[in-house]
Each structure stands twice: as structure tokens, then as C-alpha cells.
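**Student:** Each residue of the sequence shown is one higher than the one before, counting from 14 in the working numbering. A virtual CB, placed ideally from N, CA and C, is assigned to each residue, including glycine. In this text the structure is predicted, and so the values were computed from the model without any measurement. Once you've had a glance at the structure underneath, I'll fire off some questions.
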Amino acid sequence: MFEEARTTVWTHVRSPVTRRARMLASPGSDDARAAIVTTVAVVDETERLLRRLALNDEESVGMVLASGPETAGATALRPKVDVLVQLGALLALGASTNSLRATVGRAVEAGATEAEIVGVLIAVAPTVGLARVVSTAPRLAVAIGYDLEADE
């Protein structure tokens, strides 16, 4: 099965990687071939995990849900970006203030600024719509630590 997946990926990835590798490598260089093999290996693991998740493979789903991307090894995101994406998902779902507070805390620990945290709400706004933004903004403000009842 592993060999079949690599062959399939090779077929799909070969042309673009080959062209790019030729541009980066001198004629006759083995660098282009090394770039192709490395790319195929990364795509194999990513594709394998995605296929297993799509098939509801218990082990893969359990691994991802229990420990997140650290255990799955499938994320190419930096820790700060990863937690900001999680915050975006929570905002889109209309999560509770407590859930937002915990995620905001992790985002700050990962180096996110308040402007970046609010930027997540702005980034998801066109997708989630006005009603969700208006209902979620106060919860996010409280999660960050703003006092919305105070006079400006």
C-alpha cells in the first residue's frame, strides 16, 4: 500500500516539482532529484493522514483529537498560527467565553498580540457573517480582559 501511495503522489507531483527543481539546480545536478524525493515523502505522510481521517480511521482520528497537531505531526503551522486558527474555529462556532479565554491565553503564551487576536475575528467575519461577529465580539473582548461596561 505504501508503494502504491508513493507512485500515485509521484504521478501528481512530478511535473511541477521537476520544473521548479530544474530552475533551482544546475544542469546535471542531483539537487533536482533530491528535491523531488523529499517533496514526495512529505506529501506521502500528509496525504496518508488526510486519507485516514477521511475514512474515519479510529487510530488517526483519536490521535488528532486527543493531542492535536503535536502528536499527529501533520501540521506545518507554527505554534502561534496554530492556536490562532483554533481561535478562529471557536469564534466561527460561537464558543463560550470560557473556551475563548483559554484559547486566548494559549495564543498570548505563543506570542500573539491583542491586535492579532482581534484580527482573527476580523478575518473570519466575511465567512461567519454579521450576526456571529456581533454576538461573539463581546465574549472575545471579555476573554482578552477588556471591561465592556466601563465608560470610554
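Under 9 Å between the Cβ atoms of L153 and E129?
**Tutor:** For L153 and E129, no; Cβs fall outside 9 Å.
**Student:** To the nearest angstrom, report how far apart A67 and V94 are at their CA atoms.
**Tutor:** Approximately 24 Å, taken between the alpha carbons.
**Student:** Do you know whose CA, among L62, L90 and A108, lies nearest P151's CA?
**Tutor:** Among L62, L90 and A108, the Cα nearest to that of P151 is on A108.
**Student:** Here's a check: name, in chain order, each residue in its chain whose Cβ is nearer than 6 Å to the Cβ of S148, leaving out the five neighbours to either side.
**Tutor:** Around S148: no qualifying Cβ.
**Student:** Note down, in chain order, each residue of its chain lying with its Cβ closer than 7 Å to the Cβ of S73, except the 5 sequence neighbours on either side.
**Tutor:** Here the set comprises L62, R65 and L66.
**Student:** Taking Cβ positions only, does R114 come closer than 9 Å to chain C?
**Tutor:** Judged by its chain identifiers, the structure shown contains no chain C, having just a single protein chain.
**Student:** Can you tell me which of the three DSSP states R33 falls into?
**Tutor:** Low local confidence applies: a pLDDT of 43 at R33 is under 50, so the model's placement there is unreliable, with the coordinate-based value given in what follows. Note: R33 maps to helix in three-state DSSP.
**Student:** I'd like the span of the alpha helix (DSSP H) that includes N111, first residue to last.
**Tutor:** Start and end: T110 to E122.
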